[in-house]
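Numbering (the numbering used here), first residue to last: 2 to 235.
One structure is given below, encoded as structure tokens.
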């Protein structure tokens, strides 16, 4: 699936984040034809926003990855994919986004810049995979080669245009899942005249749908969720 393919890699935590560095190392085991275009600054939870009014600065970063062409962009993850495909005309075989520093399950999918990069790839008719793990925990990244091989061996997954993968440590196996319905404890704190969001995602609490990404993850399975850019329910 990825062997000797051209891969465009991005994330939403920033071009110098630990997660993207580890992701590049894992994908390098499949192909050396990798290009990184990632946000200059942390762009978590920007969803599928794109930059229309401000100019974007694209900078070649020489000191991040050895033997991997790397750019930072003063834009969103979706901007990174659009610039790579439309402006640089990279024509990648796959877009891979992550490893996100934190899970992207359930309602998170709507907010995630990491997942939105894959939706942008889908708009440009390019297959994409998003990888996420627990916050500040990237040990699970060692499972990526086997995850990719599993995807390649599964006809349903292999032909899915967009996949969202959440990786627990020491997974029991794989489950193909649907988007769950996690809840948030919405809260804002007023500090020095500014409102700061301090709520949390209530993962795993009350999730009864056995086919959901959340339930699969907390049962110890790698959750692989096929997604689509078409949100119509009609």
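All residues carry an ideal CB built from backbone N, CA and C; glycine is no exception.
Please read these numbers as outputs of a predicted model, since none were measured by experiment.
{"query": "Exposure label - residue 60; buried when at least 16 CB within 10 Å", "result": "exposed"}
{"query": "For residue 198, three-class secondary structure by DSSP", "result": "strand"}
{"query": "Exposure of residue 187, with buried meaning 16 or more beta-carbon neighbours within 10 Å", "result": "exposed"}
{"query": "Any 3 or more C-beta pairs closer than 8 Å across the segment 29–49 and the segment 67–77", "result": "yes"}
{"query": "Extent of the continuous beta strand (DSSP E) run through residue 128", "result": "128–134"}
{"query": "Identity of the residue in 202, 7, 44 and 174 nearest residue 101 by Cα", "result": "44"}
{"query": "Inter-residue spacing [alpha-carbon to alpha-carbon] between residue 125 and residue 82", "result": "9 Å"}
{"query": "Supposed close pair residue 127, residue 95 - CB separation, criterion 8 Å", "result": "7 Å"}
{"query": "Pair within 8 Å by beta-carbon distance, residue 27 and residue 146", "result": "yes"}
{"query": "As assigned by DSSP and simplified to three states, the class of residue 20", "result": "helix"}
{"query": "Outcome for residue 175 when other beta-carbon atoms lying within 10 angstroms are tallied against a minimum of 16", "result": "buried"}
{"query": "Buried or exposed by the 16-neighbour rule on C-beta atoms within 10 Å, applied to residue 16", "result": "buried"}
{"query": "Beta carbon of residue 163 nearer than 8 Å to that of residue 123", "result": "yes"}
{"query": "Beta-carbon contacts of residue 200 that lie in its chain and below 7 Å, excluding the five residues immediately before and after", "result": "185, 186, 187 and 188"}
{"query": "Sequence-distant residues of its chain with Cβ nearer than 8 Å to residue 190 (five each side left out)", "result": "196, 197 and 199"}
{"query": "C-beta contact flag for residue 115 and residue 183 at 8 Å", "result": "no"}
{"query": "Closest residue to residue 106 among 97, 133, 120 and 119 (Cα-Cα distance)", "result": "133"}
{"query": "Cβ pair count under 8 Å reaching 3, the segment 148–162 against the segment 217–229", "result": "yes"}
{"query": "Same chain only: Cβ atoms within 8 Å of residue 118, ignoring 5 sequence neighbours per side", "result": "11, 12, 13, 78, 79, 81, 82, 96, 98, 129 and 131"}
{"query": "Cβ shell of residue 113 (< 6 Å), same chain only, five flanking positions each side left out", "result": "105"}
{"query": "Local conformation of residue 147 per DSSP, three classes", "result": "helix"}
{"query": "Secondary structure of residue 169, DSSP reduced to three states", "result": "coil"}
{"query": "Sequence ranges, alpha helix (DSSP H) only - wholly within the segment 66–116, length at least 4", "result": "78–83 and 109–112"}
{"query": "Beta-carbon separation (whole angstroms), residue 139 vs residue 20, contact threshold 8 Å", "result": "6 Å"}
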